[in-house]
Amino acid sequence: MSSIIRIYNSSEVNSRTLESISGTLQQVFSAPVAIANISLNLEDAFDSGREQYNSTALLAKILNTFDTSGNKSIVIVDVDLFIPVLTFVFGEAQLDGSAAVVSTHRLKNQYYGLPKNDLLMVERLEKEVVHELGHTFGMYHCQDYECVMKASTYVEEIDLKKSIPCPVCRDYINERCNRKETG
Ligand SMILES: [Zn+2]
Ligand SMILES: [Zn+2]
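Numbering-wise, the sequence shown is residues -17 to 165 according to our numbering.
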């Protein structure tokens, strides 16, 4: 049984970008993709001491807010995310679960004092969305630096990798999604 991937957009990312990302997701995971624009109240996840949003709390909120059963749901936000042991995260996912979250906050060049580059931001977002959803499909981190499942600490590492899995990870996901290779 294949899962439906649901993108819940609670950011300024436009629908053209979401359509393009959803095309990549359909290819990688062989799953239908549904897109919804939402306005998620993030207040509960805000940490006033750090002035950041707790991504684990956000995942819990996603699971409580949406019907995630049998689906893979990813929420896109604009705010700065963290988990307690790290300064920040680009996103977080339940391993072999049904929810993930990704933020555009540190994917924008402006965050680093560099000129705005929308194309680069969209590429980074696509890679991080595929990466976090990969975790929900049970994928672990990969050591291949071009593989989408490579862990990225810095945005430069995101730029090095591709938006698709390496052959080893692709075999895993194909098997997982019960897809037959057709050549
Ligand atoms: Zn990861
Ligand atoms: Zn890989």
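Where is the CB? At the ideal position from N, CA and C, for every residue including glycine. Only a predicted model underlies this, so the values are computations on that prediction, with no experimental measurement involved.
**Asked** If you count every other CB in all the chains shown that lies within 10 Å of the CB of arginine 106, and 16 or more means buried, which is it?
**Response** So arginine 106 counts as buried.
**Asked** Listed in chain order, which residues are found with a beta carbon closer than 6 Å to a heavy atom of ligand 1?
**Response** This selection yields His113, His117, His123, Ala133.
**Asked** How many Å lie between asparagine 156 and methionine 103 at the Cα?
**Response** Looking at the two C-alpha atoms, the distance is approximately 28 Å.
**Prompt:** Taking DSSP as the reference, what is the three-state secondary structure of valine 137?
**Reply:** In the displayed model, valine 137 falls within a helix according to three-state DSSP.
**Request:** Quick one: grab the DSSP three-state call for aspartate 29.
**Result:** Here aspartate 29 sits in strand by DSSP.
**Message:** Give me the residue from Ser51, Phe11, Ser85 with the minimum Cα distance to histidine 117.
**Reply:** Nearest in C-alpha terms to histidine 117, of all of Ser51, Phe11, Ser85, is Phe11.
**CB of leucine 13 within 9 Å of CB of isoleucine -13, strictly** = Checking the sequence, you will find alanine at residue 13 rather than leucine. Against a cut-off of 9 Å, the Cβ pair of isoleucine -13 and alanine 13 comes out as a contact.
**Asked** Sorted by chain position, which residues of the same chain lie with C-beta nearer than 8 Å to asparagine 91's C-beta, five sequence neighbours on each side aside?
**Response** Closer than 8 Å at Cβ, skipping near neighbours: Pro97, Lys98, Asn99, Leu102, Met103.
**Request:** Indicate whether isoleucine 17 and asparagine -9 have their beta-carbon atoms separated by less than 9 Å.
**Result:** Against a cut-off of 9 Å, the Cβ pair of asparagine -9 and isoleucine 17 comes out as a contact.
**Message:** Within a Cβ cutoff of 6 Å, which residues of the same chain sit near tyrosine 35, ignoring the five residues on either side of it in sequence?
**Reply:** Sequence-distant partners of tyrosine 35 (beyond 5 residues in either direction) whose C-beta falls short of 6 Å from its own C-beta, in its chain, are Leu24, Ala27, Phe28, Val61, Leu63.
**Asked** Quick one: Cα of cysteine 151 to Cα of valine 67, how far?
**Response** If you draw a straight line from the Cα of cysteine 151 to the Cα of valine 67, it comes to about 27 Å.
**Burial state of serine 51, where buried means 16 or more other Cβ atoms lie within 10 Å** = Serine 51 is exposed by the Cβ-count criterion.
**For lysine 144 and arginine 158, the rounded distance between their alpha carbons** = The straight-line gap from Cα to Cα measures roughly 21 Å.
**Message:** Cutting at 6 Å between CB atoms, please list the residues of its own chain near alanine 133, excluding the five before and the five after it.
**Reply:** So the list reads His123, once near-sequence residues are dropped.
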